[in-house]
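*Asks:*
There are 2 protein chains.
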Amino acid sequence: MACRFSVLVLLCVVTSVLTLEKGTFLDMSYGYDENTLAYPSVGFFQLSIGERGPTDNFPWLEYNYMSLPEHIGTHIDAPAHFAKGRMRVDDIPIGRLICAAVRVDISEKAKIDRDYGMTVQDLQDWEEIHGKIPDESLLFVYTGWGAFYPDRLAYQGTTRNDTYLDEQGESLVHSPGVGPEAGTWLVQNRNIVGLGIDGPNLDCGQNEEFMTHRVLMEADIYGIENVANLDQLPNTGAKVYALPMKIVDGSGAPVRIIAMLDGDSSSGTAMLWATFSVCGVFLVISLMFQ
Amino acid sequence: MACRFSVLVLLCVVTSVLTLEKGTFLDMSYGYDENTLAYPSVGFFQLSIGERGPTDNFPWLEYNYMSLPEHIGTHIDAPAHFAKGRMRVDDIPIGRLICAAVRVDISEKAKIDRDYGMTVQDLQDWEEIHGKIPDESLLFVYTGWGAFYPDRLAYQGTTRNDTYLDEQGESLVHSPGVGPEAGTWLVQNRNIVGLGIDGPNLDCGQNEEFMTHRVLMEADIYGIENVANLDQLPNTGAKVYALPMKIVDGSGAPVRIIAMLDGDSSSGTAMLWATFSVCGVFLVISLMFQ
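Going down the list, the sequences are from chains A and B. In this text, residue positions in the first sequence follow the working numbering: the first is 1, and each later residue adds one. In this text, residue positions in the second sequence follow the working numbering: the first is 291, and each later residue adds one.
1) Looking at the structure shown, is A78 (chain A) part of a helix, part of a strand, or coil, going by DSSP?
2) For V468 (chain B), which residues in the same chain have their Cβ closer than 8 Å to its Cβ, ignoring the five residues on either side in sequence?
3) What ranges does the beta strand (DSSP E) occupy inside the segment 417-467 of chain B, keeping only unbroken runs of at least 3 residues that lie completely in it?
4) Going by DSSP, what residue range makes up the beta strand (DSSP E) through S338 (chain B)?
5) How should D367 (chain B) be labelled, buried or exposed, when 16 other C-beta atoms within 10 angstroms of its C-beta is the threshold for buried?
6) Alpha carbon to alpha carbon, how far is I482 (chain B) from R114 (chain A)?
7) In three-state DSSP terms, what is M28 (chain A)?
8) Along chain A, in chain order, which residues have C-beta atoms closer than 8 Å to that of A373 (chain B)?
9) So for S557 (chain B), helix, strand or coil by DSSP?
10) Using only alpha-carbon positions, find the residue among B:M578, B:D425, B:M535 and B:G542 that is nearest to G31 (chain A).
11) Can you give the Cα-Cα distance for Q522 (chain B) and V530 (chain B), rounded to whole angstroms?
12) A370 (chain B) touches chain A at which residues, Cβ-Cβ below 7 Å?
13) Start and end of the beta strand (DSSP E) containing P69 (chain A)?
14) Taking 8 Å as the limit between beta carbons, can you name the residues of its chain near H511 (chain B), skipping five residues before and five after?
15) In whole angstroms, what separates the C-alpha of D554 (chain B) from that of V392 (chain B)?
16) Does the beta-carbon distance from H353 (chain A) to E352 (chain B) come in below 7 Å?
17) Just how far apart, CA to CA, sit E311 (chain B) and A219 (chain A)?
18) Anything in chain A within Cβ reach of F500 (chain B), meaning under 8 Å, just list it in chain order.
19) Taking P40 (chain A) and R160 (chain A) to be in contact with their CB atoms under 8 Å, please state how far apart those CB atoms are, rounded to whole angstroms.
20) Cβ of L37 (chain A) within 7 Å of Cβ of N229 (chain A)?
21) Could you please give me the residues that DSSP links to G223 (chain A) through a beta bridge?
22) Find the nearest neighbour of I362 (chain B) within the set B:E515, B:M550, B:M578 and B:P424, judged by alpha-carbon distance.
23) Within the same chain, show all residues whose beta-carbon is closer than 6 Å to that of M260 (chain A), passing over the 5 residues directly before and after it, in chain order.
24) Note down, in chain order, every chain B residue with its Cβ under 7 Å from the Cβ of P40 (chain A).
25) Specify, as a first and last residue, the run of the alpha helix (DSSP H) that V505 (chain B) falls within.
26) Between G459 (chain B) and L506 (chain B), is the Cβ-Cβ spacing less than 7 Å?
27) Rounded C-beta distance between A543 (chain B) and V379 (chain B)? I'm assuming under 8 Å.
28) Could you name the residues of the same chain whose beta carbon sits closer than 7 Å to that of L443 (chain B), not counting the 5 residues immediately before and after it, in chain order?
29) Skipping 5 residues on each side, what residues in its chain have a beta carbon closer than 8 Å to that of S137 (chain A)?
30) Look up I402 (chain B) in the DSSP assignment and say whether it is helix, strand or coil.
31) Just the Cα atoms here: how many angstroms apart are T559 (chain B) and P424 (chain B)?
32) Could you have a look at P534 (chain B) and say whether DSSP puts it in helix, strand or coil?
33) Under 7 Å between C-beta atoms, does Y241 (chain A) make it to chain B?
34) Could you tell me which residues DSSP puts in a beta bridge with M550 (chain B)?
35) Provide the residue(s) that pair with I98 (chain A) in DSSP beta bridges, ordered along the chain.
36) Starting from the C-beta of S48 (chain A), find all residues in its chain whose C-beta is less than 6 Å away, skip the five residues before and the five after it, and write them out in chain order.
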């Protein structure tokens, strides 16, 4: 009997391992071209072609040049962006860029109020369902704004790209974000490595003080803005690889973000639980037939 | 008895899972600054500071602008770089950028001949020891040239940066690389996704025809040049994440390469064997005490 169950356990474990091996990739970065959005006044991405065709020396040759601000398209805000002496892009340890991802969905609230700021209550409601926000995770705030990208007016609330302030110093930008109280709560009560958003700004568009940026970055937490395909990220269980261009002393950089979904083989936790379950079943059956 | 062994199995599996979880990261990208090397004639990286200090509106603010060619520093050569109609940077599937890594060491031969080109024999010698080059792996060629980076003369064999050819059309560059026969052999006999090198050129410096580039890229295999820290990559067993900046229609791009060493948690195969072993031990013990 023990032998038969051993074979059963063996088969179950092998099956679970093989199943977990099959992850699917989610690309969470927008491509860079002349339509790539940056916050008003930040600038543009420009690609100029060096060669694209046959040359005297080669049957085919392509190469290009580019110019861009650090903070454009899907980009990382290093903590130094808003906080003196904090990490620049090339200081961020890899272990803070390859980590667990969680997603907090505020898209229904943002539909009603385009300047909605995520609250402490939103975070506590999330934890009520999913448990505590894991240590050293990258927290994504899903606003639904990705659906508007790259429509400048819908996405940023203004077609202006020369300034984000009007003559009275009021913000022209409208977009949902993270309220400063929620940012402060995260810094004081949880241990995240970064905060990402599928909109133009970690802060709500109407917060011209950039308080959420400042609070997070003072605590050496990085930001990621203009995250793509956040509608497809599950609220928990994904692993994320957010690898920025390694700009020496950069305050920000283009970042390529890939999430691994559907039972990433690298998800030790999922593996642990699968193994636990199988062993648990075996334990119960063994006890029954003892 | 069965119960006691169940607990044993449970403990063993949990231990193996927790052990496998501990990988270490290897950063295989150089930082971008004014010393970043590009092949002679390709150009320079320039960072210009927008703000770096207190401003009227913020206690601290940093942001910068940059200009650069695609093919500088640690960068990917998309197949379209040298082959008409082949993949550009944003066409490369993620599954070809996150994969197994192998390393072929030609550093001793490059010490003797700075224009050494890896041969078919080098590849066959490697396979003699390590087995067949795995399908869909990224193959790194370790020349030892990383030790010279960013010393232009030692690394590229010339201090010229305006051209790589002299008046007679002969290459000024000296650096080890991959011989075209080895490139052709890989295309015809193996199934790699990309070829990386810790030098300025996939081809040997003296091959001004860029034949290895052309042969590989015609087969939609990408290249990576100026790979950092290749001395620390094991010959087999690492997993690599090579995530390029997503330039629309790019022929190349800055790429951040991270290798996971020492029992990556994502190594499903290692996990499978660990689980197999534990279950095997249990099976034998069960049979003994039946």
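Even glycine gets a Cβ: it sits at the ideal position worked out from N, Cα and C.
*Replies:* With the structure as the only source:
1) As a first step, residue 78 (chain A) must be located in the first sequence, where it is residue number 78. Correct three-state label for A78 (chain A): coil.
2) Stepping through the second sequence from its first residue, residue 468 (chain B) is reached at position 178. Excluding sequence neighbours, V468 (chain B) sits near G407, M408, V431, L485, I487, L492, D493, C494 and T502.
3) 428-432
4) Here the question's residue 338 (chain B) lines up with position 48 in the second sequence. Run containing S338 (chain B): Q336 to G343, per the beta strand (DSSP E) assignment.
5) Locating residue 367 (chain B) in the second sequence gives position 77, where the first residue counts as 1. Buried, since its Cβ has 16 or more Cβ neighbours within 10 Å.
6) On the second sequence, residue 482 (chain B) is found 192 positions in, with the first residue counted as 1. On the first sequence, residue 114 (chain A) is found 114 positions in, with the first residue counted as 1. About 48 Å.
7) Numbered from its first residue, the first sequence carries residue 28 (chain A) at position 28. Correct three-state label for M28 (chain A): coil.
8) Translated into the one-based positions of the second sequence, residue 373 (chain B) becomes position 83. Near A373 (chain B) (Cβ distances below 8 Å), the residues of chain A are W60.
9) As a first step, residue 557 (chain B) must be located in the second sequence, where it is residue number 267. Here S557 (chain B) scores only 44 on pLDDT, less than 50, and its place in the model should not be relied on; the value that follows carries that caveat. Coil at S557 (chain B), not helix or strand.
10) For this step, residue 31 (chain A) is matched to residue 31 along the first sequence. Ranking the options by Cα distance to G31 (chain A), first place goes to B:M535.
11) In the second sequence, counting from the first residue as 1, residue 522 (chain B) sits at position 232. In the second sequence, counting from the first residue as 1, residue 530 (chain B) sits at position 240. Taking the straight line from one Cα to the other gives about 13 Å.
12) Looking up residue 370 (chain B) in the second sequence gives position 80. Neighbours of A370 (chain B) on chain A, chain order: E62.
13) Locating residue 69 (chain A) in the first sequence gives position 69, counting from the first residue. Residues L61 to P69.
14) The sequence position of residue 511 (chain B) within the second sequence is 221, counting from 1. According to the sequence provided, residue 511 (chain B) is Ile. The question's His does not apply to it. These residues qualify, in order along the chain: P369, L476, V477, I482, V483, G484 and L485.
15) Looking up residue 554 (chain B) in the second sequence gives position 264. Looking up residue 392 (chain B) in the second sequence gives position 102. Its pLDDT being 45, under 50, D554 (chain B) is placed unreliably by the model, and the measurement read from it follows with that caveat. If you take the alpha carbons of D554 (chain B) and V392 (chain B), they lie about 15 Å apart.
16) This structure leaves residue 353 (chain A) out entirely; chain A is present only between 1 and 290.
17) Working through the second sequence from its first residue, we reach residue 311 (chain B) at position 21. Working through the first sequence from its first residue, we reach residue 219 (chain A) at position 219. Low local confidence applies: a pLDDT of 44 at E311 (chain B) is under 50, so the model's placement there is unreliable, and no value is given.
18) Taking the first residue of the second sequence as 1, we reach residue 500 (chain B) at position 210. Result: F58.
19) Counting from 1 along the first sequence, the entry for residue 40 (chain A) is found at position 40. Counting from 1 along the first sequence, the entry for residue 160 (chain A) is found at position 160. Correct: roughly 5 Å between the Cβ atoms.
20) Mapped onto the first sequence, residue 37 (chain A) falls at position 37. Mapped onto the first sequence, residue 229 (chain A) falls at position 229. Cβ distance not < 7 Å, so L37 (chain A) and N229 (chain A) don't count as in contact.
21) Looking up residue 223 (chain A) in the first sequence gives position 223. A:D77 and A:L195, per the DSSP bridge assignment.
22) For the purposes of this step, residue 362 (chain B) is identified with residue 72 of the second sequence, where counting begins at 1. For I362 (chain B), the nearest C-alpha among the options comes from B:E515.
23) Here residue 260 (chain A) is taken as the residue at index 260 of the first sequence, counted from 1. Cβ neighbours of M260 (chain A) beyond the five flanking positions: G23 and K239.
24) To locate residue 40 (chain A), count along the first sequence from 1; it is residue 40. Those within 7 Å of P40 (chain A) in chain B number zero; the least Cβ separation is about 14 Å.
25) In the second sequence, the residue the question calls residue 505 (chain B) occupies position 215. Per DSSP, V505 (chain B) belongs to the alpha helix (DSSP H) from M501 to E508.
26) Numbered from its first residue, the second sequence carries residue 459 (chain B) at position 169. Numbered from its first residue, the second sequence carries residue 506 (chain B) at position 216. Not a contact, by the Cβ cut-off of 7 Å.
27) For this step, residue 543 (chain B) is matched to residue 253 along the second sequence. For this step, residue 379 (chain B) is matched to residue 89 along the second sequence. So it is a contact: roughly 5 Å between Cβ atoms.
28) On the second sequence, position 153 is the one that residue 443 (chain B) refers to. Only T449 meet the Cβ criterion.
29) Within the first sequence, numbered from 1, the residue matching residue 137 (chain A) stands at position 137. Taken in chain order, the residues that qualify are C99, A100, A101, V102, I192 and V193.
30) Within the second sequence, residue 402 (chain B) is the residue found at index 112, counting from 1. Looking at I402 (chain B) - three-state DSSP - the assignment turns out to be helix.
31) If you number the second sequence from 1, residue 559 (chain B) lands on position 269. If you number the second sequence from 1, residue 424 (chain B) lands on position 134. Since pLDDT at T559 (chain B) reaches only 48, below the 50 mark, its modelled position is unreliable, and no value is offered.
32) For the purposes of this step, residue 534 (chain B) is taken as the residue at position 244 of the second sequence. Looking at P534 (chain B) - three-state DSSP - the assignment turns out to be strand.
33) Start at 1 with the first residue of the first sequence, and residue 241 (chain A) comes out as number 241. Chain B, which has a Cβ nearer than 7 Å to the Cβ of Y241 (chain A), makes this yes.
34) For the purposes of this step, residue 550 (chain B) is taken as residue 260 along the second sequence, with counting starting at 1. In DSSP, M550 (chain B) forms a bridge with B:F315 and B:K529.
35) Taking the first sequence and counting its residues from 1, the one referred to as residue 98 (chain A) is at position 98. A:Y241, per the DSSP bridge assignment.
36) Mapped onto the first sequence, residue 48 (chain A) falls at position 48. Cβ neighbours of S48 (chain A) beyond the five flanking positions: Y65.
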